[in-house]
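Numbering (the working numbering), first residue to last: 349 to 582.
Below: one structure, written as structure tokens.
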């Protein structure tokens, strides 16, 4: 077909056809490469990122190439991408192709070899990922799932799980995430207002409790009990 030839011979319609062919081709290639090759990206995101990156790189690096063709191609690709996302949300079969169900790599401490081959990963790779999750023995793993984004989810056997306060029926305070009220010497006014405090209160607290000026503070946080934690420039 003509749209496979050099850029000087292509019309707008041929650019559009080439964009469609390139998009579909990249999805097929990415699928054949396996999910590990596109870890953290789903199939559609990976395809669009690779294709658009290559399209824009050529006219920017070659003065003989105009931007018209690339702009048409990128516009078509964006339309294809948005349409693909829409149809993936609406179609169960397409969703299954782009985001397949997770499948087990380890079950009750035993490797499932056929699924290692299916995921195109080695035992060493699984052991490496397990170590990152602070799991030192495969026998401790009740289930390890290969996720659609190319990552592994580990579930430790109950016999090896750490005992929590909830298991011992110990009452604990609700989780409280401290808020940043000073960052690099600048007061975060919106956070301060959310905490129900004025800047004058903050300045007084810094001077009284820590004997510092606002300009000396690298970071200061406040919790629900209005306690300040202050980190100074050194």
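Where is the CB? At the ideal position from N, CA and C, for every residue including glycine.
Taking the DSSP output, what are the residues bridged to residue i?
i           : result
residue 528 : 569
residue 494 : 451 and 500
residue 535 : 530
residue 577 : 569
residue 562 : Answer is none; residue 562 lacks a bridge partner.
residue 489 : 504
Using alpha carbons as the reference points, say which of the options lies closest to residue i.
i           : options               : result
residue 360 : 422, 394 and 371      : 422
residue 460 : 441, 368, 486 and 477 : 486
residue 529 : 512, 523, 579 and 494 : 579
residue 428 : 451, 556, 365 and 458 : 365
residue 424 : 541, 396, 547 and 544 : 396
residue 570 : 376, 420, 443 and 545 : 545
residue 575 : 506, 535 and 527      : 527
residue 564 : 398, 399, 582 and 572 : 582
residue 557 : 510, 417 and 577      : 577
residue 535 : 521, 561, 403 and 456 : 561
residue 467 : 445, 495, 491 and 456 : 495
residue 532 : 559, 441, 566 and 521 : 566
residue 371 : 362, 507 and 399      : 399
residue 448 : 568, 539, 538 and 439 : 439
residue 506 : 473, 457 and 362      : 457
residue 451 : 542, 463, 441 and 444 : 463
residue 455 : 511, 474 and 443      : 474
Applying the criterion that 16 or more other CB atoms from any shown protein chain within 10 Å of the CB defines a buried residue, is residue i buried or exposed?
i           : result
residue 489 : buried
residue 432 : buried
residue 471 : exposed
residue 498 : buried
residue 375 : buried
residue 437 : exposed
residue 394 : buried
residue 349 : Interpretation of residue 349 is limited by its pLDDT of 49, a score under 50 that renders its predicted location unreliable; no figure is taken from the coordinates.
residue 430 : exposed
residue 446 : buried
> When the Cβ atoms of the region 539-554 are set against those of the region 508-516, are three or more pairs found closer than 8 Å?
Replying inline: Verdict: no, contact absent.
> Three or more C-beta pairs closer than 8 Å, one from the region 495-510 and one from the region 466-481: is that the case here?
Replying inline: Here the region 495-510 lies against the region 466-481, with 3 or more beta-carbon pairs under 8 Å apart.
> In chain order, which continuous runs of the beta strand (DSSP E) of length 3 or greater are located wholly inside the region 437-484?
Replying inline: Listed in chain order, they are 451-455.
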